[in-house]
Amino acid sequence: MIPSYPPSHYSYQQRNCYGYISPNQEMIPYMILQSISGERSDELFYQQLIQLAPTENEKKIIAGIRDDERKHNQMFRNIYQQLTCTIPNVSESMEEQGETVTNYLEGIEKALFGELKAFEKYRTIFFNIQPQFRDMIFEIMTDEIKHASYYNYLFAKNK
Numbered sequence: 008m009i010p011s012y013p014p015s016h017y018s019y020q021q022r023n024c025y026g027y028i029s030p031n032q033e034m035i036p037y038m039i040l041q042s043i044s045g046e047r048s049d050e051l052f053y054q055q056l057i058q059l060a061p062t063e064n065e066k067k068i069i070a071g072i073r074d075d076e077r078k079h080n081q082m083f084r085n086i087y088q089q090l091t092c093t094i095p096n097v098s099e100s101m102e103e104q105g106e107t108v109t110n111y112l113e114g115i116e117k118a119l120f121g122e123l124k125a126f127e128k129y130r131t132i133f134f135n136i137q138p139q140f141r142d143m144i145f146e147i148m149t150d151e152i153k154h155a156s157y158y159n160y161l162f163a164k165n166k
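Residue numbers (the numbering used here): 8 to 166.
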């Protein structure tokens, strides 16, 4: 859950290492930490889906998505470090709260809706983050939509 920022006594002149932070930008580092954790959980989930995929082509598609999730994790880590001047502190237990997948089609459906939900969160980040980070967030957002399209294809193919 995102804390309700800013408190009523909050000074809008508080600085980070790069300058002023608007009230909306206060929630961004927390959302980025959540995103780091989410991308890692997705990576682990997709690794399980690869094992259940019925064809080599489907395995390749999901492996490509998994690799993008790794890339997103690193991109969010870099953004967090630049925003806060600290290394993101995401605990192992926070990162690995993934679920076990036993049914391929159910896993594909869960992945599809997870990608769409992530897109919505990243859109909020995009609109509230400092402009110099928007290109990276936009790349992540477009990847998430592409992933949803792939999962939609895999779901329809196996239904």
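C-beta atoms are modelled at their ideal positions from N, C-alpha and C, and glycine is treated no differently.
Proximity to Asn-80 across Leu-90, Asp-49, Pro-61 peaks at Asp-49, based on C-alpha coordinates. Within the same chain, and ignoring the five residues on either side of Ile-57 in sequence, the residues whose Cβ sits closer than 8 Å to its Cβ are Lys-66, Ile-69, Ala-70, Arg-73. An exposed status is given to Ile-152, since fewer than 16 other beta-carbon atoms sit within 10 Å of its beta-carbon. Note on geometry: alpha-carbon atoms of Arg-141 and Lys-166 lie some 37 Å from one another. Less than 8 Å divides the Cβ of Leu-123 from the Cβ of Ala-155. Taking a 10 Å sphere around the C-beta of Pro-95, we find 16 or more other C-beta atoms and assign the residue as buried.
Between Gly-45 and Arg-77, the alpha-carbon positions lie close to 11 Å from each other.
Here Ala-60 carries a coil assignment [DSSP, helix/strand/coil].
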